[in-house]
Amino acid sequence: MDTFAKNWPIALFNRSVLKQQKLREIVSLLGDTDSLVCLDIGSDNGVISYFLRQKGGFWKSADLEEKAVSSIRELVKTDVFQIDGRYTPFKDNEFDRVVIVDFLEHITTDREFVDELFRIMKPGAELIINVPHIKDGLLRRFRLLIGQTDEKHGHVRPGYTVEGIKTLLGNRFTVIFHKTYSKFFSEFIDTLITFAYGVLKDSRGEESKKGVLVTGNDLKKYKTLFRIYSLLYPVVLFFSKLDSLLFFESGYMLILKARINK
Numbered sequence: 691m692d693t694f695a696k697n698w699p700i701a702l703f704n705r706s707v708l709k710q711q712k713l714r715e716i717v718s719l720l721g722d723t724d725s726l727v728c729l730d731i732g733s734d735n736g737v738i739s740y741f742l743r744q745k746g747g748f749w750k751s752a753d754l755e756e757k758a759v760s761s762i763r764e765l766v767k768t769d770v771f772q773i774d775g776r777y778t779p780f781k782d783n784e785f786d787r788v789v790i791v792d793f794l795e796h797i798t799t800d801r802e803f804v805d806e807l808f809r810i811m812k813p814g815a816e817l818i819i820n821v822p823h824i825k826d827g828l829l830r831r832f833r834l835l836i837g838q839t840d841e842k843h844g845h846v847r848p849g850y851t852v853e854g855i856k857t858l859l860g861n862r863f864t865v866i867f868h869k870t871y872s873k874f875f876s877e878f879i880d881t882l883i884t885f886a887y888g889v890l891k892d893s894r895g896e897e898s899k900k901g902v903l904v905t906g907n908d909l910k911k912y913k914t915l916f917r918i919y920s921l922l923y924p925v926v927l928f929f930s931k932l933d934s935l936l937f938f939e940s941g942y943m944l945i946l947k948a949r950i951n952k
């Protein structure tokens, strides 16, 4: 097996502008995790879990469906759990930090899940949430036109606003920081890539509750396609850097940090 195939999640991460930016935003809010007990939820194919565990501390990971859980476990090996969007198998007051990555928009029980978070987090614990930012405009209309609907991505809602998250958290958490990121150019090029890859997977009848989920098996099936994309990555990177011209615009992703009131 060649190096790329063996380390496919890291290789793909190194070719994903959006995933790299997402990790940077999460780490910037996470702080020092040495000696802390931490949980990440919804980390896709496991690469976010992998890098968060490099920050130190004691980590557990969780996601919605077995395919995602298996992918995460393949990379980080231990302490990976499947949850249902309402309950978790964790103890009361277990975690100092909880990171939720593109998860809440996939569950109808987001309010009940906040109750569960309150149960499993320690007094003084901090919560980081990353979700799509509700933002209408040309890009959203283009996505709908090419069939990139919320349902296609496994979303039960298009995302959240800051006020929507604050309402969801209620008086159990206090939001202490929030920002949006990932603007038009990054999202547009990612939309085209996701659409092309989604068409290929749909032709084989493959679906996921988490939308387009890339796994090691996908790499084996579409190895040539991924190698072609690797050659195109410098163009993708250049295109995404044009986001800096849109300093006056809000982004398509929302990230925030909240402290538990307990």
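Residue numbers (this note's numbering): 691 to 952.
Every residue gets a Cβ at the ideal spot worked out from N, C-alpha and C, and that includes glycine.
Check: Taking all protein chains shown into account, do 16 or more other C-beta atoms lie within 10 angstroms of the C-beta of Asn951, making it buried, or fewer, making it exposed?
Finding: exposed
Item checked: Among Arg949, Glu764, Asp933, nearest to Val707 - alpha-carbon criterion -> Asp933
Margin query: Only counting the same chain, and skipping five residues up and downstream in sequence, which positions put a Cβ closer than 7 Å to that of Tyr777?
Written below: Glu806
Notebook entry, point to check: Under 8 Å between the Cβ atoms of Ile879 and Phe937?
Noted result: no
Note to self: Is it buried or exposed, Phe793, if we count other Cβ atoms within 10 angstroms and call 16 or more buried?
What the structure shows: buried
Notebook entry, point to check: So Leu754 and Pro699 are in contact, right, with Cβ under 8 Å, and what is the actual spacing, rounded?
Noted result: Not confirmed; about 18 Å, so no contact.
Check: So who's on the other strand from Pro822, going by DSSP bridges?
Finding: Met943
Note to self: Using the three-state DSSP reduction, which class does Phe780 fall into: helix, strand or coil?
What the structure shows: coil
Margin query: Is it buried or exposed, Tyr923, if we count other Cβ atoms within 10 angstroms and call 16 or more buried?
Written below: exposed
Note to self: Taking DSSP's pairing of strands, which residues face Ala752 in a bridge?
What the structure shows: Ile731, Phe771
Check: Hey, how far is the Cα of Phe808 from the Cα of Val846?
Finding: 23 Å
Notebook entry, point to check: Straight-line CA distance for Asp769 to Ala758?
Noted result: 14 Å
Next item on the list: Please name the residue in Lys856, Arg743, Lys767, Ala701 whose C-alpha comes closest to that of Ile716.
Entry: Arg743
Note to self: Classify Ala815: buried if its beta carbon has 16 or more other beta carbons within 10 angstroms, exposed otherwise.
What the structure shows: buried
Next item on the list: Output the distance between the C-alpha atoms of Glu877 and Pro813, rounded to the nearest integer angstrom.
Entry: 37 Å
Notebook entry, point to check: Can you give the Cα-Cα distance for Val926 and Leu882, rounded to whole angstroms?
Noted result: 11 Å
Notebook entry, point to check: Residue range of the beta strand (DSSP E) that Asp792 falls in?
Noted result: No beta strand (DSSP E) holds Asp792; DSSP gives it neither H nor E.
Check: Hey, Ser733 and Ile762: beta-carbon distance below 8 Å or not?
Finding: yes
Next item on the list: Return yes when the Cβ of Ile810 is within less than 8 Å of the Cβ of Leu803, no when it is not.
Entry: This sequence places Phe at residue 803; Leu is not what is there. No, the Cβ-Cβ distance between Phe803 and Ile810 is not below 8 Å.
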